[in-house]
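S.K.: Counting the sequence shown from 1 gives a position; the numbering used here is that position plus 15.
Glycine is no exception: its CB is placed at the ideal position from the N, C-alpha and C atoms.
Please read all numbers here as calculations on a predicted model, not as lab measurements.
One structure follows; several queries about it will come next.
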Amino acid sequence: MLLLVRCVLVFMLCGFITEGNLAKERLSPAKPPLQRYEYSRPQMGTIFRVVLYARSENQAKTAAEAALNRVDALNQILSDYVADSELNKLSATAGTGKAVRLSPDLWAVLQKAQKVSRETNGAFDVTVGPLVQLWRRARRQHQLPSPEALAQAKAKTGYQQVILKKFKKTAELRVPGMQLDMGAIGKGYAVDEAMLVLREKGIKCALVDGGGNIRVSKAPPGTKGWEIDLSTSNRTDHIGGQKVYLKNAGVATSGDLYQFVEFNGQRYSHIINPFTGLGLTDQRRVTIMAKNGTDADWLSTALSVLPTPEGIKLANRTSKAAASIVWNADGKLQQEQSHRFRQLKWVK
Ligand code: AMP
Ligand code: MG
């Protein structure tokens, strides 16, 4: 009798559990698997690419469009090519004594840029605009800027001449003719912001690439991370085998070993040494991994300007940053690595 009661009880429980599971399945049908989607759009003088994993094309497309629209909006704020960008409107007030109230985005980027300028003692400086424009013109006209033109442009630079007021979120540019240039931090900020939009749209696993300024979130399904190749080559040498799996991080490279303008046998890079006003003359390729795209972007430019030992120290003391500096010594590539870069596990 006791055995029979036990059997009935077990049977009833089994029945209850089975019913319960069925009810649950009816309420939430199996989710479709995550699939890879890719979208791109020209923006900020480069191509912005979004790779993401979503459960439907509709979700993927809506999220990617929202993220790329965010990049468009940031370009309208941060670009020095768009005549009526917020950045150019601010630059137009230079020397008038006016403190201009900034949008949250311009405030965030400019405040970060100023902090970084202090940390690098001015090696990174978003007031290099007049020098950048002088060198752009030199490249177009195939003519080295005159010493007078260089001195005049340099006199309109200096991050110490930008006054930020935290409480009112205003900026004042103190010297007439000052021109801000976000070329070394804006794309990094844009990929971070695009990633935030993707997350708001329910996308947890994505890569946003703005012309080599990359931000990744969670690893693609079934992988250890996004595979990123950090190897470097020149015509005669190659540093290979430096592929990593990355997640929740930013990556950027600066100073392509072949992007420069040449006058009288001397090569000048598009990155300016703010202390001399000249385009950099020692070509190096800096690769940074950092906690986000903004850090990777500014660090890659700062380490292009700073002497190598100082740059490596800066990477070592910046939270979660890893750096590699590669240069060309008579055709042979040399590499200096920060301590976190040395600890990276390469993909076999
Ligand atoms: P990137 O390719 O990220 O190294 O950025 C290079 C761009 O940043 C240049 O094209 C300029 O617009 C700007 N730039 C050049 N030199 C500097 C500098 N020393 N500090 C900040 N921005 C710079
Ligand atoms: Mg940069």
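#1: What did DSSP end up calling G240 once you bin it into helix, strand or coil?
#2: Among L179, Q175, E101, D196, which has the Cα closest to the Cα of P145?
#3: Which of the three DSSP states, helix, strand or coil, is assigned to M210?
#4: Does the Cβ of I62 have 16 or more other Cβ atoms within 10 Å, making it buried, or fewer, making it exposed?
#5: If I follow the unbroken beta strand (DSSP E) through D252, where does it start and stop?
#6: Do you know offhand how far T172's Cα is from A164's?
#7: How long is the line joining the alpha carbons of N249 and K46, rounded to whole angstroms?
#8: Is the Cβ-Cβ distance between Q176 and V190 less than 7 Å?
#9: So does A199 have its beta carbon nearer than 6 Å to some heavy atom of ligand 2?
#10: Taking only heavy atoms of ligand 2 into account, decide whether any of them is closer than 6 Å to the Cβ of T135.
#11: CA-CA distance, T111 and L105?
#12: Can you tell me which of the three DSSP states A38 falls into?
#13: In chain order, what residues of the same chain lie with their CB nearer than 6 Å to the CB of A114, ignoring the 5 residues before and after it?
#14: May I ask which residues mark the beginning and end of the alpha helix (DSSP H) holding L125?
#15: Of the residues D87, A199, D120, A82, which one's Cα is nearest the Cα of A138?
#16: Skipping 5 residues on each side, what residues in its chain have a beta carbon closer than 6 Å to that of V320?
#17: Quick one: what's got a C-beta closer than 7 Å to G255's C-beta in the same chain, skipping five residues either side?
#18: Ordered along the chain, which non-local residues of its own chain (more than five positions away) have a Cβ less than 7 Å from that of Q129?
#19: Can you tell which of Y283, Q350, L261, D345 has the C-alpha that lies nearest to the C-alpha of K360?
M.R.: Concretely, from the data shown:
#1: If DSSP states are grouped into helix, strand and coil, G240 belongs with coil.
#2: Checked all of L179, Q175, E101, D196; the closest Cα to P145 is D196.
#3: The answer is helix: DSSP assigns M210 an H, G or I state.
#4: I62 comes out exposed.
#5: Counting along the chain, D252 falls outside any beta strand (DSSP E), and DSSP gives it neither H nor E.
#6: If I take the Cα positions, the gap works out to 13 Å.
#7: Approximately 47 Å, taken between the alpha carbons.
#8: Taking C-beta atoms as the reference points, Q176 and V190 count as a pair closer than 7 Å.
#9: In this structure, ligand 2 has a non-hydrogen atom nearer than 6 Å to the beta-carbon of A199.
#10: For T135, the distance from the CB to the nearest heavy atom of ligand 2 is not below 6 Å.
#11: Going from the Cα of T111 to the Cα of L105 covers about 11 Å.
#12: For A38, the pLDDT reaches just 49, beneath the cut-off of 50, and the residue's location in the model is therefore unreliable, although a value from the coordinates is still provided. The three-state reading of DSSP puts A38 in helix, counting H, G and I together.
#13: Excluding five sequence positions before and after A114, the CB atoms of its chain that fall closer than 6 Å to its own CB belong to T185, E187, given in chain order.
#14: For L125, the uninterrupted alpha helix (DSSP H) run begins and ends at 119-134, by DSSP.
#15: Scanning D87, A199, D120, A82 for the CA closest to the CA of A138 turns up A199.
#16: The residues are A138, N288.
#17: Correct list, in chain order: S246.
#18: So the qualifying residues of the chain are Y174, V177, L179.
#19: Taking K360 as reference, the option from Y283, Q350, L261, D345 with the minimal CA-CA separation is L261.
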